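Worksheet for the structure shown next.
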Amino acid sequence: MRSSLPRFSLPLLAKELVEQAARKRTYRVRTLYAVVLFAFSLLIVHSFFQYAGSNPLNVLGRGGDLFEPLVFVQFVTIYVFLPAMMCGSITREKERDSLVLLMLTTLRPWEIILQKYLSGLLPMAMFLMLSLPVMAVAYSLGGLESDLIIAAGVTIGLCCMQVGAMTLMLSAWCRSTAGAFIMFYVLNVAIVIVLLIAMVLADVFLGPYDMDVIKWGWCLFGPEVYHQYRLIVMYGNPLPLSELWWILMPITASVMIYLVLARVFLVRRAQVPPRNLLMTIFQQLDRFFTRANRITGGVTLWNDRESLPEDKPLAWRETARRGPGKLHHRMRVLMLFQIPVILNVVLTFSLGRSGVGFIVLLMLIWPIVVLILAVMGANVFNVERSRQTFDVLLTLPLTSRDIIQQKMAGIWRVVFTLMIPFLTIYLCKSYLGWGTKYALLYLVSSLLTLGIYLPLTVWLSVLVGLVARSSMRGVVVAVGVLAVWTVGVPVVLAILGEVLRVHDDVYLWAFLISPATMVVFTEFGELWDFDSPIMMVVVNTLIHGSILYFLRRRVLTYADQLLVRVASADEPAGGLQKA
Amino acid sequence: MSFVKVDNLIVRYGKLEAVRGVSFEIPRGEVFGFIGPNGAGKSSTIKVLATLLKPTASSATLDGIDIARNPMTIRRRIGYMPDFFGVYEDLTAWEYLHFFASAYRVERSMRRKVVEDVLHLTDLQHKRDAQVDSLSRGMKQRLGLARVLLHDPDLLLLDEPASGLDPRARIEIRELLKELRNMGKTILISSHILHELAHLCTRIGIIEAGTLVAEGSLEEIYRRLSLLRIVHVQISNLNHNGMLTQIRAIEGVAAVEEQPDRLAIRLHEDRLPLEDLMAQLHGLGARIRMFQPEVMDMETAFMKLTQGKTA
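Structure below.
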């Protein structure tokens, strides 16, 4: 007998899951994550026994100490892995020109969105479920309330749904996968900045006691929801459900809003033409400054000269014709960074303010500059690949080393331009502290970090981009490596320090592995607490200078292999050819 | 001596053997057409010659120079146009050509003239200040051809130069290629549009599943396959004196098909050249109004030689 019910099928979800199951990368990443998670958990449990003394029963009741770091790891996993996994959900279809075909099928936009959404969430659930055995161990140790486990389960689930929905929305909005990935973090940072500004304004206009609404805004973020939920579990008996609903509402509502927006963007932006994200930003900056220039009566301080290439055509194109490397665009970017710096200089020197503003500016400028350079570096060759100009480039009678060096000319110009705001801040801060014991060391340390870190970012990103061979993969991996190196390593070291209870100064030297350490130590004055700050600067310079040297050498020595080009051992390019 | 010599070329991508022992030679000044279905190994072979791929095994030489061992020397002597290629959207046609002239180290004092010459040859003078991205597909192909001519290469490697073009643009490219052939350039051109090559090439190679199944001049291949040439003839006094029967009896004529306004005569050209057929028809007293030999049927040759296999 035939069923009268319509046949239920999820073809898109099935296709996505089959594709993911066929990729070796799925299993490699999952295994790596499991190894890291279990090693981390084992270390914590080991530390329990280490400090339990002769009586192993002392370990009992410490389940919460294992559970809390695990919840933290789960949140980090969601914010790191889920955007990377889902940012291509819709953009990949756009890049392959298959989205239009998909929309011509009987699948309705909502079905496409929901199946894509599930296809991202299910693999993420697999990741999160890897921690269940460790959670069971934590529960068996005791000292862990079942309500807290529910709180963690609910907030991790909601966080997962929210991050997935936001990434899907951005994937529907953006044209490229790399763009969607970057936009995820940019949007989250923007939300944080808006909330910070709102807090400041509320503090000024409403007073410190009327800020509940703003605090409620922070519940847009999973970890904060968990924090609030945890407080309710620990101090609310019985659980006040109205309060619980109050803290869960923002994140739940945001899931709905993001999904609705994803549905809207899916249709409206199904056929947006490909655009270079950085280029678009530069063009918008250009438009802004052109409008602003009308106020000054259209003063032109510089002009991009009409020119033709001479001996280095690739370098010419990168610096005179291609977006970010052009003088015109570099000046726009410089002004974007330099205007707040100059304003701060004026405020600091005329109003006698402290130099805290410089530190805030540096903490904002560093990640943005690193992100710009990482995207540029990872894309320098992948743009040629995606525009199908790469093969022609490789048949030019130029050595691979020469091709790489010429192609990087534009990035170096941007690097030099972006150094100006840093130099302004460093010189001002040194001037403010001049005469004190550490002013000169601060200046030297800052200049060394600047001189090493920016080229280091560029060479690392270029290497990653060359190996990745795709724009999206290159940007994601380069940004990921830099994030893990600068932020992940110190966080892991800090957790290890806590777990192993190592708090001496010698252990702090290990933090120099991360490039961010010296910046933080220098700016927040922690460097001077060490017995030998000069040695610390020297060691940091040696570590990162060596890495820079290694990366540069690696790229240039293996240029042929990295460009996948037949090695040119016959002769270097040179001399003029017959016309 | 052959200008280009490929001997037992093998290209593997992992486990897939894309080219399996291809050998051919191209004398200087010849236009060699490389025919094959998609995935037959045409582009891989061309990429080896363009120094983009290192062959798994072979000896490929250009003017006696080993291509794999001397890629830089070869790059200066070839002009390569891939099947799909992008252009730099931020440059004008003039800047684009100057860019490549500089990359090929054309003497600075000569660049302006060289660029103007190639623009003239490809009939793009009026587009010299247009952004290359704004050009039509056909114009971009012509600009691509202008680019490969900048350094006056000895060998042009053109991978499907007319793919994706509209009929007018395709004819324009064909005329341009004929012009290059007349200039004495050695050209290796790949295509799967058969009649396009029939008009242009002096020699062809048919490749399938990574193996060269036939190579030689068109006539040689037709002869080898015993293909028949079709001649369309209009005779005003066809009904006179059993003319049709007499034509069918001519030595070398395989068949005569009566069509409403003409006869389609199929003949073994090796036994009966076209000129002889005409003479014999005159001899029979035929009053010939039209005598039109069909271009050799390459599609038939292709279908006979290939089986639709892929590597």
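Protein chains in written order, with the numbering used here: chain A, 107 to 685; chain B, 277 to 587.
Backbone N, C-alpha and C define an ideal beta-carbon position, used for all residues, glycine too.
None of these values were measured; they are calculated from a predicted model.
Residue i at chain A interface by Cβ criterion, 8 angstroms
i	result
B/E371	yes
B/Y235	Residue 235 of chain B is absent from the structure shown; chain B starts at 277 and stops at 587.
B/P347	yes
B/R381	yes
B/K281	no
B/H396	no
B/R413	no
B/F567	no
B/F375	yes
Proximal chain A residues relative to residue i, where beta-carbon distance stays under 7 angstroms
i	result
B/D366	R427, R428
B/T327	T501, V672
B/K330	V672
B/R404	Those within 7 angstroms of B/R404 in chain A number zero; the least Cβ separation is about 12 angstroms.
B/R351	T501, L502, P503
Neighbouring residues, chain B, relative to residue i (Cβ below 7 angstroms)
i	result
A/R493	G362
Minimum C-alpha distance to residue i - residue among the options
i	options	result
A/R493	B/Y364, B/E306, B/L338	B/Y364
B/I506	B/M519, B/F567, B/S320, B/N517	B/F567
B/T576	B/L464, B/S334, B/L470, B/F300	B/L470
A/G571	A/A231, A/V670, A/L614	A/V670
A/S153	A/A673, A/V605, A/L301, A/L657	A/V605
A/W472	A/R393, A/V593, A/S577	A/V593
B/T398	B/T321, B/S467, B/V382, B/L373	B/L373
B/I511	B/I343, B/M554, B/E496	B/M554
A/V520	A/V585, A/L433, A/A304, A/D508	A/L433
A/T501	B/V532, B/E533, B/Y380	B/Y380
A/V550	A/V625, A/S360, A/S506	A/V625
A/K222	A/R369, A/F455, A/L654	A/R369
B/I480	B/T582, B/V307, B/V280	B/V307
A/G483	A/L391, A/M514, A/N161, A/L337	A/M514
A/L302	A/I288, A/W324, A/M289, A/L293	A/W324
A/Q126	A/F455, A/M230, A/S536, A/V661	A/M230
B/L426	B/G312, B/G340, B/E383	B/E383
Per-residue contacts from residue i into chain B (C-beta, under 9 angstroms)
i	result
A/L433	By Cβ distance, chain B contributes nothing, its closest Cβ being about 14 angstroms from A/L433, past 9 angstroms.
Within chain A, partners of residue i - CB distance below 8 angstroms
i	result
B/Y356	D497, V498, T501
B/A344	V672
Proximity test, Cβ basis, 8 angstroms: residue i and chain B
i	result
A/V475	no
A/V672	yes
A/E416	yes
A/R423	yes
A/P175	no
A/L682	With a pLDDT of 40 at A/L682, under the threshold of 50, the modelled position of that residue is not reliable, and the figure given next carries that caveat. A/L682 counts as touching chain B.
A/P419	yes
A/S115	no
A/M107	For A/M107, the predicted structure reports a pLDDT of 49, less than 50, and the residue's modelled location is therefore unreliable. The matter cannot be settled from this model.
A/A685	The predicted position of A/A685 is uncertain, since its pLDDT is 35 and thus under 50; no value can be drawn from it.
A/A679	In this prediction, A/A679 scores a pLDDT of 45, lower than 50, which makes its location untrustworthy; the coordinate-derived value is nonetheless stated afterwards. So yes, A/A679 belongs to the interface.
Cβ separation of residue i and residue j, assumed to be a contact under 8 angstroms, to the nearest whole Å
i	j	result
B/L488	B/I463	Actually they do not touch by this definition, with Cβ atoms about 18 angstroms apart.
B/I483	B/A316	5 angstroms
B/L338	B/I350	6 angstroms
A/A622	A/P596	7 angstroms
A/E201	A/T273	Not confirmed; about 16 angstroms, so no contact.
A/N646	A/L618	5 angstroms
A/F636	A/D611	6 angstroms
A/L657	A/W565	4 angstroms
B/P303	B/I354	Actually they are not in contact, since the Cβ atoms of B/P303 and B/I354 sit about 17 angstroms apart, beyond 8 angstroms.
B/L504	B/L539	The pair is not a contact, with the Cβ atoms about 14 angstroms apart (cut-off 8 angstroms).
B/A344	B/A336	7 angstroms
A/I558	A/L654	6 angstroms
Partner residues on chain B for residue i, Cβ-Cβ distance less than 8 angstroms
i	result
A/L504	A379
Whole runs of the alpha helix (DSSP H) within the region 557 to 643 of chain A, excluding any shorter than 4 residues: 577 to 589, 595 to 606, 611 to 615, 621 to 629
Complete alpha helix (DSSP H) runs within the region 252 to 319 of chain A (minimum length 4 residues, chain order): 252 to 279, 283 to 311
3 or more residues per run - each beta strand (DSSP E) lying fully within the region 384 to 447 of chain B: 431 to 435
Sequence ranges, alpha helix (DSSP H) only - wholly within the region 166 to 212 of chain A, length at least 4: 169 to 192, 194 to 201, 205 to 210
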